[in-house]
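Numbering (our numbering), first residue to last: 1 to 186.
Glycine residues also receive a C-beta, built at the ideal position from the N, C-alpha and C atoms.
Note that the structure is predicted; figures quoted are calculated from it, not measured.
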């Protein structure tokens with residue numbers, strides 16, 4: 001099933017240089033997320049800031065102003081807090097105001113504190129391969145997000161809601177291989 005939504009998956013910069021830098025560990029979680037989104041029929045563009053020359057904010061602004069995205073997804077570790085904050089803040093600037101989804105250990109380790117501080121639209125806690133598909137499907141169909149296990153969001157009153165944790169994926173063969181090519185590895 002093909003979805004009309006456009007999703008931008010952003011791999012944050014892992015070093016402080018504005019030059020291309022390939023000396024980092026492949027972001028496996030984001031690679032899996034890209035694969036499951038594409039397999040579910042979502043239109044996904046990936047931007048790996050590590051592979052581009054220039055300021056992250058300028059690169060991301062240019063991308064968000066040239067294409068209308070419905071969602072921007074990113075993830076990181078706690079060490080990447082500042083870069084993640086920059087990415088999430090920039091997504092509020094374009095006229096399209098895409099919704100944001102934050103995943104990874106940065107949010108999984110201290111969900112409420114990081115969610116309150118970085119203020120993404122949604123957060124995926126723990127393994128995200130099944131959760132992100134269910135979250136997107138429920139969000140676009142206007143279904144109850146409280147039924148999606150393993151997320152954080154704000155209700156209509158602005159109150160933070162954390163759903164029960166999602167069970168670990170038992171059959172790892174049920175998920176596709178990571179999207180190496182989409183994240184800039186050929």
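Uninterrupted alpha helix (DSSP H) stretches at least 4 residues long and entirely within the region 20-82 occur at 28-39, 56-66, given in chain order. Contact check for residue 82 against residue 102 fails: the beta carbons are separated by 8 angstroms or more.
Residue 99 has 71 as its beta-bridge partners, per DSSP. With at least 16 other beta carbons inside 10 angstroms of its own, residue 115 counts as buried. Collapsing the DSSP output to three states places residue 90 in a helix. Contact between residue 12 and residue 54 fails: their C-beta atoms lie close to 14 angstroms from each other, not under 8 angstroms.
When beta bridges are read from the DSSP output, residue 151 appears opposite 124. Assigned with DSSP and collapsed to three states, residue 9 falls in strand. In its chain, beyond the 5 residues on either side, 125, 126 have a beta carbon closer than 7 angstroms to the beta carbon of residue 108. Closest option to residue 97, judged by alpha-carbon separation, among 111, 61, 30: 61. Beta bridge pairing from DSSP links residue 162 with 152. The count of Cβ pairs closer than 8 angstroms, one atom from the region 174-183 and one from the region 22-39, reaches three, so the stretches are in contact.
Boundaries of the alpha helix (DSSP H) around residue 116: 111-118. If you draw a 10 Å sphere on the C-beta of residue 128, you find 16 or more other C-beta atoms in it, and that means buried.
Under the three-state reduction of DSSP output, residue 16 falls in the coil class, being neither helix nor strand. Contact check for residue 9 and residue 33: beta-carbon distance about 7 angstroms, within the 8 angstroms limit, so the pair qualifies.
Nearest to residue 166 by C-alpha distance, out of 147, 181, 180, is 147.
By the C-beta density criterion, residue 29 is buried, having at least 16 other C-beta atoms within 10 angstroms.
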